[in-house]
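Protein chains in written order, with our numbering: chain A, 10 to 120; chain B, 89 to 202.
Just so you know, even glycine gets a beta-carbon here, dropped at the ideal spot from N, CA and C.
Report on one structure; see the data block that follows.
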């Protein structure tokens with residue numbers, strides 16, 4: 010049962026433009042959402058998070074938006090840089106319990 | 089900079105052999121998670137522990153997989169007997185309960201079963 014879905018396996022953008030990665034979820038009890046970035050041969054690293062009581066959280070070039078009514082969140086990266094090329098995982102958690110991940114989206118930022 | 093440590097980084101074994109993967113969580117973290125990365129399902133949750141007690145291992149094939157925490161500094165994931173379909177990268181992650189805090193991942197064990 011895939012409770013967290015990332016329907017785009019890959020995304021390619023030009024350096025300097027905006028990257029938008031999308032994530033949908035099915036469990037309305039999720040109360041904490043996160044984005045992780047993963048480079049080859051490394052473990053995922055935490056990027057940014059948002060609590061379900063908010064609809065936006067910003068950290069430098071990264072902004073996460075949460076639309077609870079649509080059960081949708083997105084990660085915006087602006088401006089995109091070649092070093093942002095990685096696999097991005099969306100994750101969600103209920104009440105400090107287990108954390109569920111999506112299948113990932115491979116972002117390629119072209120110079 | 090505290091890290092989750094996983095050993096071995098790579099493991100190649102023959103079908104039917106026992107495989108043990110180890111994880112040292114970050115000191116002070118009280119939750120430990122095991123994930124398996126697959127192409128189709130991304131990061132698939134296998135099991136997780138809180139304060140060394142198993143809370144959920146419903147993601148694991150029970151007949152061949154087992155996860156334990158012998159003490160607060162060691163978590164193990166065993167596969168016996170291993171099968172070719174178990175080939176994947178296995179990640180361990182640790183975190184703290186209380187408040188919103190992210191999980192921290194190790195660099196994984198890449199398992200190949202021939």
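Counting C-beta pairs with one atom in each stretch, the stretch 26-35 of chain A and the stretch 81-93 of chain A have three or more that are closer than 8 Å, which means they touch.
A check of alpha carbon separations from residue 56/A across 200/B, 202/B, 192/B identifies 192/B as the nearest. Burial state of residue 119/B is buried, judged by a 10 Å Cβ sphere holding 16 or more other Cβ atoms.
With distances taken between CA atoms, residue 165/B lies nearest to 112/B out of 102/B, 104/B, 112/B.
Identification of residues in the stretch 64-94 of chain A having a C-beta nearer than 8 Å to some C-beta of chain B yields an empty set. Within the DSSP secondary-structure output, residue 71/A pairs in a beta bridge with 68/A, 86/A. The alpha-carbon separation between residue 162/B and residue 110/B amounts to approximately 7 Å.
Rounded to whole angstroms, the separation of the alpha carbons of residue 158/B and residue 198/B is 23 Å. Contact of residue 185/B with chain A by beta-carbon distance below 8 Å involves 105.
In the three-state scheme derived from DSSP, where H, G and I count as helix and E and B as strand, residue 174/B is classed as helix. Residue 146/B sits exposed, since fewer than 16 C-beta atoms from the chains shown fall within 10 Å of its C-beta.
Rounded to whole angstroms, residue 107/B and residue 43/A show a C-alpha spacing of 31 Å. Per DSSP, reduced to three states, the secondary structure at residue 93/A is helical.
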